[in-house]
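Position one of the sequence shown corresponds to residue 3 (the working numbering), numbered consecutively onward. To keep things clear, I will list the structure first and then write my remarks on it.
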Amino acid sequence: MTDAIKLRLGVNIDHVATLRNARGGVVPCPVRAALIAQEAGADGITAHLREDRRHIIDRDIDALMAQLTVPLNFEMAATDEMAQIALRLTPHAVCIVPEKREERTTEGGLDVVRDEAALARYIAPLREAGSRVSIFIGADAAQIEAAARVGADVIELHTGAYCDAHAEDRFMARDTELNALREMATYAHSLGLEVHAGHGLTFDTVAPIAALPEVAELNIGHFLIGEAVFMGLKPAIVEMRRLMDAAR
Ligand code: PXP
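Structure follows, in structure tokens:
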């Protein structure tokens, strides 16, 4: 068994921007949420600049780059426009995700096997500019091997299917998903990749993922922002951190 690496918490603030954009004004401010998350102990902030700018917008990213003292994990699709932005800003990390206009959220992982050559060309300049490159993928050995070949530093395993199965009381499916995540975290780590995980995690589902010794970072957003309505953002983050540490 691998010695557990320190587990970082990245807080995704996209849905503060979703709420702001619902009214088209300036509140609630996602940058303010990011600064509170930082104060509450987040090790990093994640923000996804979508092609359609449905939540985070360009000036949010500029403000986060200027104001954060913890690293920014800049989520984006592998488009020319996003490469230009990432190369201009050189955030600490770039996480490449698949993006479909019609989806409500990032539904699945990237198909690295299908787009291997193009992704290798896409990633090289981002790494040369100094960003760590992460690829968001499902728990699939072929995708992980391709991620290693294209030069990713990190893979982020999609925990959505595991969380959905838990929420719908499909416990056998949940355990199957969890086993796949466990095996693939070990496999990716053995190939020299840093392993992150995220999507859909809640107070109820975080512990088994936080317990995976090879996982170095969890990125959590929607649940924390929702829970902030009831208990406040800082207490929600502090509680998530406590559950992660207890599971480790
Ligand atoms: N990690 C990645 C790569 C994501 O795309 C998202 C969703 O934007 C998350 C983590 C966070 O997911 P959630 O908002 O469901 O916690």
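Yeah, the Cβ is synthetic: ideal placement off N, Cα and C, and Gly gets one too.
Out of the options, state which residue places its alpha-carbon closest to the alpha-carbon of residue i.
i, options, result
"Ala150", "Phe232, Glu196 and Thr204", "Glu196"
"Val231", "His17, Pro210 and Ala6", "His17"
"Gln145", "Leu159, Ile63, Gly132 and Val135", "Leu159"
"Ala190", "Ser136, Arg172 and Ala248", "Ser136"
"Arg22", "Leu9, Asp62, Thr188 and Ala6", "Asp62"
Between the C-alpha atoms of residue i and residue j, what's the straight-line distance to the nearest angstrom?
i, j, result
"Glu105", "Arg52", "11 Å"
"Met246", "Leu89", "33 Å"
"Ala24", "Leu37", "22 Å"
"Ala218", "Phe76", "17 Å"
"Ile157", "Ile222", "15 Å"
"Ala175", "Ala167", "6 Å"
"Ala254", "Arg172", "With the chain covering only 3 through 250, there is no way to say anything about residue 254."
"Ile98", "Asp60", "17 Å"
"Tyr124", "Leu9", "28 Å"
Write down the C-beta distance between residue i and residue j rounded to the nearest angstrom, noting that I regard them as a contact closer than 8 Å.
i, j, result
"Cys165", "Gly202", "3 Å"
"Met186", "Ala119", "Actually they are not in contact, since the Cβ atoms of Met186 and Ala119 sit about 23 Å apart, beyond 8 Å."
"Ala199", "Leu183", "7 Å"
Here's a check: name, in chain order, each residue in its chain whose Cβ is nearer than 6 Å to the Cβ of residue i, leaving out the five neighbours to either side.
i, result
"Arg73", "Correcting the residue type first, residue 73 is Pro in the shown sequence and not Arg. Contacts found: Gly46 and His94."
Could you name the residues of the same chain whose beta carbon sits closer than 8 Å to that of residue i, not counting the 5 residues immediately before and after it, in chain order?
i, result
"Ala122", "Arg151, Val152 and Gly153"
"Pro127", "Ala85 and Leu89"
"Ala131", "Ala88, Leu89 and Thr92"
Please work out which residues of its chain come closer than 7 Å, Cβ to Cβ, to residue i, disregarding the five sequence neighbours upstream and downstream, and give them in chain order.
i, result
"Ile239", "Val13, Ala39, Ala42, Gly43, Ala44 and Leu226"
"Val29", "Arg22"
Please go through the region 101 to 127 and give each complete beta strand (DSSP E) segment of 3 or more residues, from N-terminal end onward. none
List in chain order: all unbroken beta strand (DSSP E) runs of 3+ residues lying wholly within the region 52 to 80. Uninterrupted beta strand (DSSP E) stretches at least 3 residues long and entirely within the region 52 to 80 occur at 74 to 78, given in chain order.
Secondary structure, beta strand (DSSP E): runs of 3+ residues fully inside the region 132 to 209: 134 to 139, 156 to 160 and 196 to 200
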